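To start, the structure itself, in structure tokens.
Residue numbers (this note's numbering): 25 to 324.
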């Protein structure tokens, strides 16, 4: 089990400090994310960088031609080489309006994957309550990495990357312990899992969480091959292995009032993640969106 949004709905009742997003909040959030995407994509196009729909955003793109109506975030892919190029021009062309939180970056890192965060907004989640970083509305960037073709090397690489991913976030939980997250988890079905991760975080806290994130980022890199994977994805290193013909050539499809890239064989990709992905879940099976603070207009 990993603490992702899809698990929160089964963990118990929210604490008094939690705010449950309304339908109107979700609509406004979608508009902010869409505007962010358009602005960032315009700059990326100039530099021949592809922003590709990932995870729930890819699902929404195909099933709803935009955001999933009840989803509260945006997930994108970048190829590793293109992300490294993106880093180089980010502050000159986008730094006035956005932060780039990423392993090894000067803005710091609050996760093992990069996040582009809009300045002048606030979206504070439970996990990040005590972290010394900006708390704004953000887009997750999942980096597409090359993976070893050799099965033994792949197995070793997978174990190392998934272990570093688990350790890095456990240390983050421990070093920036959130009272609201602790209260939420300890009074839920996830209490044993939470205690275990906090123990791991404490034992391995001799190194800062940001350093563990950087180790993960270094470990996932691999020389060119004809196999891709997404180490930061929902199913981790082994679960999101992608053959080259699944990914390329990219296709451009409708997303809200603009367009976005998706994988060549998006059907295979979405089926691997979600099964029969065109089936819309019942109301009771949809994700619940909780946060500590949401503000579309104020500096965090």
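Cβ atoms here follow ideal geometry from the backbone N, Cα and C, with glycine treated the same way.
Treat the numbers as computed from the prediction; the structure is a model and nothing was measured.
Residue 106 is positioned such that its CB atom lies no closer than 8 Å to that of residue 151. Distances from the CA of residue 122 to each of 91, 159 and 136 were compared; the closest alpha carbon is that of 159.
Shown here for residue 235: not one same chain residue has a beta carbon closer than 8 Å to its own, the five before and five after excluded.
The beta carbons of residue 184 and residue 243 sit closer together than 8 Å. When the beta-carbon positions are compared, residue 251 and residue 267 come within less than 8 Å of each other. The segment 52-70 and the segment 110-120 touch, with no fewer than 3 CB-CB distances between them shorter than 8 Å. Each residue's CA atom was taken as its position, placing residue 279 and residue 82 some 9 Å apart. Per DSSP, the beta-bridge partners of residue 139 are 125 and 164.
Excluding five sequence positions before and after residue 101, the CB atoms of its chain that fall closer than 6 Å to its own CB belong to 76, 78, 166 and 168, given in chain order.
For residue 86, the enclosing alpha helix (DSSP H) begins and ends at 79-88.
Going by beta carbons, residue 265 and residue 171 fall inside the 8 Å limit. A straight-line Cα-Cα distance of about 14 Å links residue 48 and residue 92. Annotated as distal: residue 317 and residue 46, with beta-carbon spacing of 8 Å or more. Within the segment 271-323, complete alpha helix (DSSP H) segments of at least 4 residues are found at 290-298, given in chain order.
Closest in alpha carbon position to residue 51, among 62, 260, 297 and 90, is 90.
Beta-bridge annotation (DSSP): residue 254 is not paired with any residue. Within the same chain, 200, 201 and 202 come within 7 Å of residue 154 by CB-CB distance, once the 5 residues on both sides are set aside.
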